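Protein chains in written order, with our numbering: chain A, 3 to 222; chain B, 3 to 222. Please read the structure below before turning to the comments.
Protein chains: 2
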Amino acid sequence: MPGLTIGDPLPNLQVQTTHGPIKLHDYVGNSFTIIFSHPGDFTPVCTTELGAMAAYSEKFSELGVKLLGLSADDVESHKAWIKDIEAYCNGCKVTYPIAADPDRRIIKELNMVDPDEKDSSGNQVPSRALHIVGPDKRIKLSFLYPASTGRNMEEVVRVVESLQRAANHKIATPANWKKGEAVVISPSVSNEEANRMFPQGYKTTDLPSKKGYLRFTNVE
Amino acid sequence: MPGLTIGDPLPNLQVQTTHGPIKLHDYVGNSFTIIFSHPGDFTPVCTTELGAMAAYSEKFSELGVKLLGLSADDVESHKAWIKDIEAYCNGCKVTYPIAADPDRRIIKELNMVDPDEKDSSGNQVPSRALHIVGPDKRIKLSFLYPASTGRNMEEVVRVVESLQRAANHKIATPANWKKGEAVVISPSVSNEEANRMFPQGYKTTDLPSKKGYLRFTNVE
């Protein structure tokens with residue numbers, strides 16, 4: 003199936019949400035933005051996910067990250083369902099907008115259709131897709147999870163922390179990295195440049211190839 | 003960019019690997035299979051990721067899951083690089099095959115091209131894509147991460163544990179779920195069916211809508 007993938011521009015769609023109409027590029031503005039779809043309102047995993055996202059929304063706000071939910075249900079359904087979400091998550095508040103896509107136009111353009119799932123009327127519904135969009139309005143990273151598998155907010159926070167550091171420094175984050183752990187210097191940076199860019203120093207791992215490409219440092 | 007997404011069939015390509023030629027469908031057989039690409043051999047994040055995958059390979063083997071790495075480098079490069087990977091990860095062994103795609107044919111068909119990255123010759127390289135393929139040879143779940151962000155093996159294990167339970171029971175796993183925690187019963191299952199299917203019992207969360215859709219149980 004054709005669809006949006008990393009590096010692609012976010013289509014600048016006009017969408018109806020629980021916070022009124024928004025244009026996607028205006029909403030993103032200069033922030034990293036998380037756009038996440040769910041199969042349907044008043045369904046079990048979705049309730050736990052949007053509750054978890056509400057519980058993490060302060061954390062995302064601290065990181066300067068905006069949130070936007072999305073499903074094929076309408077705005078009135080979303081508003082009624084939010085009462086269930088907030089009751090489930092013990093007083094957390096759904097402060098982020100949830101977009102409505104009854105025509106399935108947005109979920110198609112954003113590669114969020116789940117081909118294996120239909121609603122009770124036989125219409126297509128979204129997968130548990132999650133795109134992280136950069137301030138340049140391009141897709142930086144995507145999760146495409148099926149209806150069976152709720153997402154993991156800790157992993158979403160982890161990758162945001164990685165993307166933000168990589169946007170500010172010529173570094174990348176190694177496998178299983180968590181905030182506070184060492185990062186690696188990009189291969190495009192020579193050792194001479196690394197000495198200037200990283201006055202805190204760096205450590206090169208000694209490997210059989212002796213190519214000296216695995217250089218660890220620390221950045222905030 | 004057009005590309006493979008969840009629900010799509012895995013193309014049955016013939017690929018060259020460090021373990022000899024394989025056909026993708028034969029390799030998958032009746033197992034869940036993880037196909038993961040990396041931007042390039044002898045680069046920093048990739049070395050940590052393939053080392054982490056080697057360290058987790060026994061865990062994946064216990065889960066009955068096969069692994070297949072992939073980049074645009076050739077087999078000889080992969081074989082030389084494995085010495086670095088194994089040195090980095092303190093004696094772990096790269097027992098899984100790594101496929102070679104110097105023509106960039108496979109990464110295009112598997113939606114693994116990173117539009118923002120080129121090698122030193124200006125050729126396309128893969129992103130950090132990871133597809134989990136089911137025994138039915140279809141894509142069940144995908145991660146599309148950029149070069150800057152190493153993947154998280156704990157999250158990969160978590161979603162495999164979810165997919166396998168959902169394949170065996172009419173359940174799904176809630177947000178942030180980990181093995182051993184309660185799961186939710188699928189909305190397609192009536193309460194009467196749930197009583198038969200889950201003799202261990204289940205608990206319905208009381209929500210303002212009184213729709214009774216959030217039912218937790220436990221499965222192995």
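All C-beta atoms in this analysis are idealised placements derived from N, C-alpha and C, irrespective of residue type, glycine included. What you are looking at is a predicted structure, and each value in this text was computed from that prediction instead of being measured.
Residues of its chain near Tyr90/B, where Cβ-Cβ distance is below 6 Å and the 5 sequence neighbours each way are ignored: The residues Thr49 and Gly53, in chain order, have a CB closer than 6 Å to that of Tyr90/B in the same chain once the five nearest residues on each side in sequence are set aside.
Cβ neighbour criterion (16 or more within 10 Å) applied to Arg217/B: By the neighbour-count rule (16 or more Cβ atoms within 10 Å), Arg217/B is buried.
Contact under 8 Å by Cβ, Ser33/A with Pro137/A: With contacts defined as CB atoms closer than 8 Å, Ser33/A and Pro137/A qualify as a contacting pair.
Any C-beta of chain A under 8 Å from that of Met199/B: No - not a single Cβ of chain A is within 8 Å of the one on Met199/B.
Cβ pair Leu72/A, Asp103/A closer than 8 Å: Contact flag set, yes.
Heavy atom of the ligand ATP within 7 Å of Thr7/A beta-carbon: The ligand ATP is not part of this structure, which contains no ligands at all.
Under 9 Å by beta carbon: chain B residues contacting Thr151/A: Taking a Cβ-Cβ cut-off of 9 Å, the neighbours of Thr151/A in chain B comprise Lys142, Leu143, Arg160, Val161, Ser164, Leu165, Ala168, Ala174, Thr175 and Trp179, given in sequence order.
Residues that Glu51/A contacts on chain B, provided the C-beta gap is smaller than 7 Å: Result: Ala177.
Close-in-space but distant-in-sequence residues of the same chain around Met3/B (CB under 6 Å, 5 per side omitted): Low confidence applies to Met3/B: its pLDDT is 40, below 50, so where it sits in the model is not reliable, and the reading given next is rough at best. Apart from sequence neighbours up to five positions away, no residue of its chain approaches Met3/B with a beta-carbon distance below 6 Å.
Nearest-angstrom Cβ-Cβ length linking Val30/B and Lys172/B, presumed shorter than 8 Å: Contact doesn't hold; Cβ gap of about 24 Å is too wide.
Distance CB(Met114/A)-CB(Ala131/A) smaller than 8 Å: Yes, they are a contact pair.
Residue(s) in a DSSP beta bridge with Phe145/A: Paired residues: Leu132/A and Phe145/B.
CB contact flag (Asp2/B, Ser211/A, <8 Å): Because chain B spans 3 through 222 in this model, residue 2/B falls outside it and cannot be assessed.
Ser144/B beta carbon less than 8 Å from that of Thr175/A: It is not a contact, given that the beta carbons lie outside the stated cut-off.
Residues bridged to Gly71/B (per DSSP): Beta-bridge pairing links Gly71/B to Phe38/B and Ile100/B.
8 Å Cβ cutoff, Arg217/A in contact with chain B: So, interface residue.
Closer than 8 Å to chain A by CB, Glu157/B: It does: the Cβ of Glu157/B has a partner Cβ on chain A nearer than 8 Å.
Contact set between the segment 72 to 86 of chain B and chain A, restricted to residues whose Cβ is under 8 Å from the partner: From the segment 72 to 86 of chain B, only Ala82, Trp83, Lys85 and Asp86 have a Cβ closer than 8 Å to chain A.
Asp43/B versus Thr19/B: straight-line alpha-carbon distance, rounded: Rounded to the nearest angstrom, the two C-alpha atoms are 14 Å apart.
Classification of Lys142/B by the beta-carbon crowding that lies within 10 angstroms, buried from 16 upward: A residue is called buried when at least 16 other Cβ atoms come within 10 angstroms of its Cβ; Lys142/B meets this threshold and is buried.
Within-8 Å CB hit, Ala89/B to chain A: Residue-level contact check: Ala89/B touches chain A, since one or more beta carbons of chain A fall below 8 Å from its beta carbon.
Burial state of Asp116/A (16 or more Cβ within 10 Å): Its Cβ being crowded by 16 or more others within 10 Å, Asp116/A is buried.
DSSP three-state assignment for Arg167/A, whether helix, strand or coil: Arg167/A: helix per DSSP, three-state reduction.
Unbroken stretches of the beta strand (DSSP E), 3 residues or longer, contained in the segment 195 to 221 of chain A: As far as the segment 195 to 221 of chain A is concerned, its whole beta strand (DSSP E) runs of at least 3 residues are 217 to 219.
Best match in Leu69/A, Glu119/A, Gly93/A and Ala169/A for proximity to His133/A [C-alpha to C-alpha]: Its Cα nearest to that of His133/A, the residue Leu69/A stands out among Leu69/A, Glu119/A, Gly93/A and Ala169/A.
Cα-Cα separation, Leu190/A to Tyr215/A: The sequence given here places Ser at residue 190/A; Leu does not occur at that position. Ser190/A and Tyr215/A have their C-alpha atoms spaced approximately 10 Å apart.
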